[in-house]
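A.B. asks: From first to last, the protein sequence lines are chains A and B. With my numbering, letter number 52 in the first sequence gets 55, and the count goes up by one each step, no holes. With my numbering, letter number 30 in the second sequence gets 46, and the count goes up by one each step, no holes. Cβ atoms here follow ideal geometry from the backbone N, Cα and C, with glycine treated the same way. Can you keep this structure in mind? I'll have questions shortly.
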Amino acid sequence: MLGITPSQTVGPFYAYCLTPTKYKLHEIFTNDLIVPGLEGETIRIEGRVLDGDNVGVPDAMVEIWQADAKGGFAHAREHQGANTGFKGFGRVEPDNEGKYHFITIKPGRVKTPDGKLQAPHIDVALFARGMLKHLVTRIYFADEESNKDDPVLMQVPADRRDTLIAKPQSGNGREKVYRFDIRIQEGAEGPPETQFFEA
Amino acid sequence: MTMHFPRDSAKVHPPSLFPYYTSTVKRAPKRPLIILPQTETELTGPAYGHEVVQPGDSDLTTQHEGTPIGQRIIVSGRVLDEDGRPVPNTLIEIWQANAAGRYVHINDQHDAPLDPNFSGAGRVVTDNEGRYKFITIRPGAYSWQNHENAWRPAHIHFSLFGPSFLSRLVTQMYFPDDPLFDYDPMFTSVDPKARQRMVSRFSLFTTIPEWGLGFEWDIVLRGTNATPMEQ
Numbered sequence: 004m005l006g007i008t009p010s011q012t013v014g015p016f017y018a019y020c021l022t023p024t025k026y027k028l029h030e031i032f033t034n035d036l037i038v039p040g041l042e043g044e045t046i047r048i049e050g051r052v053l054d055g056d057n058v059g060v061p062d063a064m065v066e067i068w069q070a071d072a073k074g075g076f077a078h079a080r081e082h083q084g085a086n087t088g089f090k091g092f093g094r095v096e097p098d099n100e101g102k103y104h105f106i107t108i109k110p111g112r113v114k115t116p117d118g119k120l121q122a123p124h125i126d127v128a129l130f131a132r133g134m135l136k137h138l139v140t141r142i143y144f145a146d147e148e149s150n151k152d153d154p155v156l157m158q159v160p161a162d163r164r165d166t167l168i169a170k171p172q173s174g175n176g177r178e179k180v181y182r183f184d185i186r187i188q189e190g191a192e193g194p195p196e197t198q199f200f201e202a
Numbered sequence: 017m018t019m020h021f022p023r024d025s026a027k028v029h030p031p032s033l034f035p036y037y038t039s040t041v042k043r044a045p046k047r048p049l050i051i052l053p054q055t056e057t058e059l060t061g062p063a064y065g066h067e068v069v070q071p072g073d074s075d076l077t078t079q080h081e082g083t084p085i086g087q088r089i090i091v092s093g094r095v096l097d098e099d100g101r102p103v104p105n106t107l108i109e110i111w112q113a114n115a116a117g118r119y120v121h122i123n124d125q126h127d128a129p130l131d132p133n134f135s136g137a138g139r140v141v142t143d144n145e146g147r148y149k150f151i152t153i154r155p156g157a158y159s160w161q162n163h164e165n166a167w168r169p170a171h172i173h174f175s176l177f178g179p180s181f182l183s184r185l186v187t188q189m190y191f192p193d194d195p196l197f198d199y200d201p202m203f204t205s206v207d208p209k210a211r212q213r214m215v216s217r218f219s220l221f222t223t224i225p226e227w228g229l230g231f232e233w234d235i236v237l238r239g240t241n242a243t244p245m246e247q
């Protein structure tokens, strides 16, 4: 067995390579996952990345990975090289106040290895200056009945589950909007930090 | 055949809280992490291959009209899993400072010149044997605000996907025998036994006469082959 390469921070200067909206490099990844002909309910997930002082984190990077509306993944093993179809992956650099958003579809249900259906969810990888390794969390949706039987949510203490639930907001007339703040660390006062996972 | 991702392997990653790197203090969770079962969401991952890379993306010395200032280097190696098997067709993204230690990023105010012929961003996709190669300029060290007289050792940032969400890795490649290693809170955040895994080695084999110096660096991502259940 080989030892894996250790993680190091993404640092403050990644944007001109990884999210080069303001730079010359062509963009591969964006925060809009919608492609023509895509089945499913279009949603907007928005929120802020916040630090232990409850201050927005502009030099973070948020990535999401999710199933399509039927619970299927655009995975490498099935990948045929064509850049078409739903990729299920998004990446965004928050703004100066740590605000971010994604436009995507509500994912379908995905099975666990022992065949149980999970509630619709999106995996999140959070990177930032000041983070030597990325953090992993999940987004669930407040209006999903199946949350109460979700095998991952059930492993989270009841009083911590709410930090993983995106809340419906008043609509913007285009797509359903959910709010999901990512609190890296809780302070002496204020809201609890997001539950993160060891993946 | 599916991959298996042992959790113990990931313990080599540095801690979230490492006070010597002062920015970790407000950016580390206080609550314990919860073990996430490895479901299909975790065992699959983004699929991006050769179609997203453009010709010239892997040569950082030819992205502008002129030639950048600095020592031309060839950085090459393989991407492997924990079994030593190559990880083919996986996207690598890199970014770095120029020879003077200055990043193109609009927020970098370090007192060193920009090079109009160097942006410092590159991409490549590994071949069928997991091999990659970049041509670039050896980056300079730079000063930062972490502590009194703090300087980062020269490094190139690497971002990789591998076969799944669990193999995702962002790291930094260092150069051999950098005198700044012992003073760097990022390098020293890693267990001493594993630090050398982040350090490239000089290679006369990949050095090109009268042209550029070769450095080789293999990257090992999480993942082993799942062993079929034996009765």
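(1) Return the CA-CA distance between B:W167 and B:H173, expressed in angstroms with no decimal places.
(2) Given a cut-off of 8 Å on the beta-carbon distance, is the pair B:G136 and B:L76 in contact?
(3) Report the residues of the segment 94 to 128 of chain A with a CB closer than 8 Å to any CB of chain B, ordered along the chain.
(4) Which one of A:L156, A:G50, A:G91 has the shortest CA to CA distance from A:R182?
(5) Starting from the beta carbon of B:H163, find every residue of chain A whose beta carbon is closer than 9 Å, and list them in chain order.
(6) Indicate whether the contact test is met: 3 or more Cβ pairs, each with one atom in the segment 125 to 144 of chain B and one in the segment 17 to 31 of chain A, closer than 8 Å.
(7) When you compare each of A:D162, A:A145, A:E148, A:F92 to A:D126 by their alpha carbons, which one comes out closest?
(8) If contact means a Cβ-Cβ distance below 8 Å, which residues of the segment 146 to 178 of chain A contact chain B?
(9) Answer with buried or exposed for A:A70, where buried requires no fewer than 16 other C-beta atoms within 10 angstroms of its C-beta.
(10) Would you kindly report the start and end of the unbroken beta strand (DSSP E) that includes A:Y19?
(11) Are the beta-carbon atoms belonging to B:T60 and B:S159 less than 8 Å from one another?
(12) What do you get for A:K73, buried or exposed, if any count of 16 or more other CB atoms within 10 angstroms of its CB means buried?
(13) What does A:E189 touch in chain B if you count any residue whose Cβ is under 8 Å from its own?
(14) So, for B:L182: in the same chain, excluding its five sequence neighbours on each side, which residues have a beta-carbon less than 6 Å away from its beta-carbon?
(15) Which chain A residues are close to B:Y37, counting only those with a beta carbon under 9 Å from its beta carbon?
(16) State the beta-bridge partners of A:P171 as determined by DSSP.
(17) Check distances from the C-beta atoms of the segment 31 to 52 of chain A to those of chain B and list, in chain order, the residues that come in under 7 Å.
(18) Output the distance between the C-alpha atoms of B:H171 and B:Q125, rounded to the nearest integer angstrom.
(19) Would A:A202 count as contacting chain B if we go by Cβ distances under 8 Å?
C.D. replies: Judging by the given coordinates:
(1) Between the alpha carbons of B:W167 and B:H173 lies a gap of roughly 16 Å.
(2) It is a contact, given that the beta carbons lie within the stated cut-off.
(3) Those would be V113, K114, T115, P116, Q121, H124, D126, A128, in chain order.
(4) Of A:L156, A:G50, A:G91, the residue nearest in Cα terms is A:G50.
(5) Neighbours of B:H163 on chain A: none; closest Cβ ~14 Å, over 9 Å.
(6) They touch, by the three-pair rule.
(7) Closest by C-alpha distance to A:D126, out of A:D162, A:A145, A:E148, A:F92, is A:F92.
(8) So the close ones are P154, V155, Q158, V159, R163.
(9) Looking at its Cβ environment, which holds 16 or more other Cβ atoms inside 10 Å, A:A70 is buried.
(10) Element bounds for A:Y19: not the beta strand (DSSP E) but the alpha helix (DSSP H), 18 to 21.
(11) Pairing B:T60 with B:S159 gives a Cβ-Cβ distance that is not under 8 Å.
(12) Result: exposed.
(13) Under a criterion of Cβ atoms nearer than 8 Å, the residues of chain B adjacent to A:E189 are, in order, K46, R47.
(14) Excluding the 5 residues flanking it on each side, B:L182 has same chain C-beta neighbours closer than 6 Å at F21, E58, R238, in chain order.
(15) The contacting residues are T12, G133, L135.
(16) Answer is A:Y181, bridged to A:P171.
(17) Closer than 7 Å at the C-beta level to chain B, one finds these residues of the segment 31 to 52 of chain A: I31.
(18) Their backbone Cα atoms lie some 18 Å apart in a straight line.
(19) So, interface residue.
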